[in-house]
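These notes are about the structure you will find just below.
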Ligand SMILES: Cc1cc2nc3c(=O)[nH]c(=O)nc-3n(C[C@H](O)[C@H](O)[C@H](O)COP(=O)(O)OP(=O)(O)OC[C@H]3O[C@@H](n4cnc5c(N)ncnc54)[C@H](O)[C@@H]3O)c2cc1C
Ligand SMILES: Cc1cc2nc3c(=O)[nH]c(=O)nc-3n(C[C@H](O)[C@H](O)[C@H](O)COP(=O)(O)OP(=O)(O)OC[C@H]3O[C@@H](n4cnc5c(N)ncnc54)[C@H](O)[C@@H]3O)c2cc1C
Ligand SMILES: Cc1cc2nc3c(=O)[nH]c(=O)nc-3n(C[C@H](O)[C@H](O)[C@H](O)COP(=O)(O)O)c2cc1C
Ligand SMILES: Cc1cc2nc3c(=O)[nH]c(=O)nc-3n(C[C@H](O)[C@H](O)[C@H](O)COP(=O)(O)O)c2cc1C
Ligand code: FES
Ligand code: FES
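Chains as they are written, first to last, in the UniProt record's numbering: chain A, 1 to 305; chain B, 1 to 305; chain C, 1 to 309; chain D, 1 to 309.
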């Protein structure tokens, strides 16, 4: 996993814009200048940042199920992986894709261009670059999709010859945090156009295959004629999905990186809330920290073989 | 004081606009439709409403002294008297002038056109109409100015022959919640043009006379050749000022109404927080409620003669 | 019509639903008439009634804090006689349960108020306030000592004329199970918890406590997780086995909050501070609780009580 | 250079200013190096150190509440040996006071950790954690019983090698003056208060406590008014006359909050949860406190202590 860079800090960002896809998903664009821009120039896919939500307005038009759940006064920041990071003149743009599930995400979703938000980051260890020449297979579920998309996109940006394959799953079309899917377009011709192959699965079949994205990946891989030794997996999503991917990867002998999500208070390694239990090489139980040692881990470290 | 009307309720208002005068004062305009409009059609000057502040954004660019003070999570509404209320087609516009002193007022000051705010009101008892033919002298200090201005304006609207005189005091020009003062114009030709006389005083002489507004009023009255029996006073401001006005009024034999400000939790008479100690006619100590029995009281009721 | 059965049996009373408004936050209910139809609630609880009228503490009596507020009203109330003469006739016209909250300086006073009221029509039961932090004599001292709690409960109980007696516990004790147990041993028919937590706000500029009473009781959303814990403790340690129902309160603002208290062990819930932010808060809570049950497929609200895994 | 004299004498130590970071919220301080220059603070307090390393409780260990959060970390720490070997050398390079927070299951363990560390350079003093609500044996049980508090304090004190011993009190008691007094009688050189309040959050959909430990300790702005009250109680009832200084904490986020604690009776203050929202929170508090003194014309910060009217 890439080394944590040392330039993380607390920066004020400006909201450059937001785009809503239905009631559940929105994409937010932040501009960072000065030191913030310098820090985020060194950020890499799979890392994350802690976004201020205290003091942001709670939107008054929340959907019914969310009204009561979101009616709370937050004090902690909220962690988000990046959908993309890129320069904009001297500044840097940071994009996130946000699944609106509670008070913090609802408040973020209500941001408008020009609003100011404090961002603590970049934090953690992101996805490690693949070994030279290896193909990268991204497999992601739900809100795990953005960081994997970011990773694949950045690899292809850095090296146009990089071969990437992407598999995305979600409960339904409305839950899939991919802009083109929400816009009724085909991701293969849109944000995933750099991928050699893109496939999706939903629980209800409302987009892509009906079923699990891991199954879609497995049957594709079985027929793709790729040598496991030439491939690496990068995955993010719900833990049961990551466990399944890890098992498949271990079975096939493909190296896999998985990005985990834990409840985080601080995001910087001081509160000890985000533990990831691992076995040390001597078999001793040990806790790693998702925020500092992760969120991206080698699959063998966190999912016993 | 006018009867509390029975149409008070919780209504959603839209922000129609806001205007900032320096860092300390802003004017907010709200639009109420439907039942809210019906309720506020019956509102009268000196009454107030409880404005939602929870869930509103805390502006990120607060002046230094206010930053720490405003950094708090409010749950209660905030009471404001009206600067003006008037129809706008089928709807009603409610204007308030807001002195930015803490978390709630800071949040209100950050509202932008189109934002939604819940308003509970109209509440309390406002200024009683003067007896027929009586001249009304408004004397107000600081954030007590808006309701008195509203009262005088409404009287002249209802009866163009009504004679009014206005006296406004504040610590300094920057603290005087009168739009024209903030804009460097003369209130006598602006919002106070309906008054036969307007005079102001500030502690530092930065606007109007240097000194107390009560002194300005007294020396004016001494030379104005008005009979006390033909006049009534309507006052709002800090309690020491109201006490001084009450004493002068009692001495001169002018009927005075004073609008008090107390810490309020509910605004509707259930929490018993906003007590105004009074002596009953039998001399028994008793507590009235500022929110229900007031905020406007007869000066003799609340300030012993 | 909702498919959810909202009826609750509570200390022998049959309630429409589990939601009440809390003592001291709904006056004598007529103040809320313009905003809330109390008949839509399971019931409500009067402001504490004392034998003689009380002016209460001087102002300021309230101050807001982060996610909560302090109050030191000091049991201001119109007193027993005026309550009977002026308020009871209005209360009788309501068609829902009402508990009269009893307060006093000495046990005798509690007993007298209870016995005068127990003969009156239109009162469903009593709530014994032995836990108000804002009254110097009596008040909180009763509420922290198990022996005192047992004594006062057992002496007031016979004065209730067979109507249920609910004892309201203070959270400011080392072990709330002991005070809860004492109330049960004294004959309490129900327990309500929690009252407010003692707290102070200082004006740093004048270096004086903001409240005239110096300290006050903290209520509101800030205290909810502590109150939920205390309800679950009392339910597990005392109430469940004793078969004594709990009325849970502390920071409830919506249906999910109410559900949390019920899952922790409460049979009914009470809405206090939330009413100040929204006079119809209790009805909103009741609506939200029903919606929650619908969406979770819960047919009987009472099934929630104590269903914590 | 500010005109305000920020120096504080505290339990025999000379501090740059009154602001610390709180135990369990600043790790072993190196984690904060990128964000905060600890040398700008009066000092800091280590995560609780136990004799043996502890994995602590399973996840989830934290959950946010209204204006606060619960934690049940369970004293996860690297243990005495690794602390000495890995962390002390880094700590020694800092140029500010550091208290080592001591925890254990039995008194012997506390004594052993203290005596092993008291010989080490670079440690200014000790904080006795007898009030962690998240550990089953030991922990909170010590902290609520005055006799136990006196015993553990008097037994650990001789092991401190003359360095100051501060006792951290739990707020979850009926009468905090009694526990404070017990600590003083046991030989405490300072008192710190408060630790967290026991609380619970329930996931209403799964009907399970959110924390794996079921309950956790409430911290953050929500608890501030209760903590201020408790500091003022202990100052008035015990600390002032005994000449024992108080370190105040609970929900402090800015200079005004810190001033409130000092006016109530604290000589120093500690920043806990606020660091999670902003890693440099303690420095911001210290800046804010200085600005507050400047604007109020206070020349010596220590004049604030106990200046409540
Ligand atoms: C490293 C990392 C990267 C993330 N990246 C993204 C992303 O790119 N896009 C995105 O939409 N979300 C992402 N998340 C999840 C996001 O942080 C949470 O959805 C958010 O914190 C919820 O805040 P809230 O206030 O809306 O919800 P709350 O009101 O706090 O909680 C709502 C519900 O969600 C649960 N919950 C809250 N926080 C978490 C959490 N961290 N993990 C699991 N459950 C939680 C709560 O228990 C509760 O049931 C990421 C999380 C981590 C740790
Ligand atoms: C009937 C009535 C009418 C009012 N009309 C107006 C108006 O037209 N325009 C206007 O700007 N303000 C008006 N006020 C005052 C206004 O309600 C308060 O300024 C506001 O509630 C402060 O909220 P905050 O969150 O900004 O301050 P906070 O952060 O809550 O408090 C900041 C400081 O102000 C003090 N404070 C807070 N509320 C009050 C209060 N109600 N009375 C006295 N001190 C208080 C606090 O103790 C604290 O020191 C009125 C008040 C009442 C009772
Ligand atoms: C302004 C106010 C007045 C109160 N008065 C009383 C009272 O007279 N008797 C009583 O037993 N409890 C009284 N309480 C306590 C509440 O009934 C309730 O126990 C407490 O506020 C916690 O609930 P909440 O967080 O929902 O407000 C009062 C609370 C407030 C805020
Ligand atoms: C995540 C977390 C871990 C904590 N760990 C410890 C600890 O190990 N030892 C201890 O004495 N207190 C511990 N505390 C308590 C804090 O030191 C402090 O007493 C409490 O959080 C109140 O202060 P605050 O509101 O500023 O956070 C911890 C608090 C939190 C939030
Ligand atoms: S979130 Fe605090 S240690 Fe990871
Ligand atoms: S503000 Fe509640 S009674 Fe007046």
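The beta-carbon is built from N, C-alpha and C at its ideal position, and this holds for glycine as well. None of the values given here were measured: they were computed from a predicted structure.
{"Asked": "Can you check whether the CB of residue 204 of chain A is closer than 8 Å to the CB of residue 172 of chain A?", "Found": "yes"}
{"Asked": "Just to confirm the assignment, what range does the alpha helix (DSSP H) spanning residue 155 of chain A have?", "Found": "145-158"}
{"Asked": "Hey, which unbroken runs of the beta strand (DSSP E) at 3 residues or more fall wholly within the segment 147-187 of chain C?", "Found": "165-168"}
{"Asked": "Residue 9 of chain A by DSSP, collapsed to three states: which one?", "Found": "strand"}
{"Asked": "With the cut-off set at 8 Å, would you say residue 265 of chain B and residue 69 of chain C are in Cβ contact?", "Found": "yes"}
{"Asked": "Expressed to the nearest angstrom, what Euclidean distance is found between the alpha-carbon atoms of residue 153 of chain C and residue 145 of chain D?", "Found": "27 Å"}
{"Asked": "Less than 8 Å between the C-beta atoms of residue 17 of chain A and residue 39 of chain A, yes or no?", "Found": "no"}
{"Asked": "Residue 57 of chain A CB to nearest chain B CB: under 8 Å?", "Found": "yes"}
{"Asked": "Tell me which residues share the same chain as residue 244 of chain A and place their Cβ nearer than 7 Å to its Cβ, disregarding the 5 neighbours each side in the sequence.", "Found": "214"}
{"Asked": "Under the three-state reduction of DSSP, which class applies to residue 23 of chain B: helix, strand or coil?", "Found": "coil"}
{"Asked": "On the CB-based measure, 16 or more other CB atoms within 10 Å of its CB, does residue 235 of chain D come out buried or exposed?", "Found": "buried"}
{"Asked": "For a contact meaning CB atoms closer than 7 Å, what does residue 279 of chain D contact in chain B?", "Found": "Within 7 Å Cβ-Cβ: nothing; residue 279 of chain D doesn't reach chain B, min ~17 Å."}
{"Asked": "Output the distance between the C-alpha atoms of residue 242 of chain C and residue 197 of chain C, rounded to the nearest integer angstrom.", "Found": "26 Å"}
{"Asked": "Helix, strand or coil for residue 247 of chain A per DSSP?", "Found": "helix"}
{"Asked": "Can you look up residue 311 of chain C in the DSSP assignment and give me helix, strand or coil?", "Found": "Outside the modelled stretch of chain C, which goes from 1 to 309, sits residue 311 of chain C, for which no answer is possible."}
{"Asked": "What in chain C is Cβ-close to residue 270 of chain B, meaning under 7 Å?", "Found": "25, 26, 27, 31, 32 and 275"}
{"Asked": "Taking Cβ-Cβ distances below 9 Å as the criterion, which residues of the UniProt domain \"FAD-binding FR-type\" (8-129) of chain B are in contact with chain D?", "Found": "64, 65, 67, 68, 69, 71, 72, 73 and 75"}
{"Asked": "Taking just the CA atoms, how far does residue 74 of chain B sit from residue 139 of chain D?", "Found": "Residue placement at residue 139 of chain D is flagged as unreliable, the pLDDT there being 48, under the threshold of 50; the coordinate-derived value follows with that caveat. Taking the straight line joining both Cα atoms gives about 34 Å."}
{"Asked": "Consider the Cβ of residue 273 of chain B: report whether some Cβ of chain C lies at a distance smaller than 8 Å.", "Found": "yes"}
{"Asked": "From residue 16 of chain C to residue 151 of chain C, what does the alpha carbon distance come to, in whole angstroms?", "Found": "33 Å"}
{"Asked": "Between which two residues does the alpha helix (DSSP H) containing residue 89 of chain D stretch?", "Found": "88-92"}
{"Asked": "When every heavy atom of ligand 1 is checked, does at least one fall within less than 7 Å of the C-beta of residue 273 of chain A?", "Found": "no"}
{"Asked": "Just confirm the distance between the C-beta atoms of residue 196 of chain B and residue 163 of chain B, as a whole number of angstroms; I'd bet it's less than 8 Å.", "Found": "6 Å"}
{"Asked": "Between residue 119 of chain C and residue 225 of chain C, what straight-line distance do the alpha-carbon atoms span, to the nearest angstrom?", "Found": "39 Å"}
{"Asked": "Measuring only the C-alpha atoms, how far is residue 115 of chain C from residue 303 of chain B?", "Found": "41 Å"}
{"Asked": "Looking at chain A, is there any beta carbon in it that lies within less than 8 Å of the beta carbon of residue 82 of chain D?", "Found": "no"}
{"Asked": "Give the single residue among C/259, C/122 and C/230 whose Cα lies nearest to the Cα of residue 88 of chain C.", "Found": "C/122"}
{"Asked": "Which same chain residues, not among the five before or five after residue 156 of chain A, have their C-beta less than 7 Å away from its C-beta?", "Found": "162, 164 and 194"}
{"Asked": "Alpha carbons only, please: which of C/187, C/258, C/238 and C/41 is nearest the one belonging to residue 126 of chain C?", "Found": "C/187"}
{"Asked": "Given that a residue counts as buried once 16 or more other Cβ atoms are within 10 Å of its Cβ, and exposed if not, what is residue 205 of chain D?", "Found": "exposed"}
{"Asked": "On the premise that residue 77 of chain A lies in contact with residue 53 of chain A, defined as a C-beta separation below 8 Å, what is that separation, rounded to the nearest angstrom?", "Found": "7 Å"}
{"Asked": "Tell me which residue opens and which closes the beta strand (DSSP E) that residue 122 of chain B is part of.", "Found": "116-123"}
{"Asked": "Please report the distance separating the alpha-carbon of residue 4 of chain A from that of residue 124 of chain A.", "Found": "Confidence is the limiting factor: at residue 4 of chain A the pLDDT is only 45, short of 50, which leaves the residue's position unreliable, though a coordinate-based value still follows. When rounded, the distance between both Cα atoms is 6 Å."}
{"Asked": "Let me check one thing: in DSSP terms, what residues is residue 344 of chain C bridge-paired to?", "Found": "One cannot answer for residue 344 of chain C here, as it falls past the ends of chain C, which runs 1 to 309."}
{"Asked": "Considering only residues of the segment 151-221 of chain A, which uninterrupted beta strand (DSSP E) runs meet the minimum length of 3 residues and lie entirely inside it, listed in chain order?", "Found": "164-170 and 197-202"}
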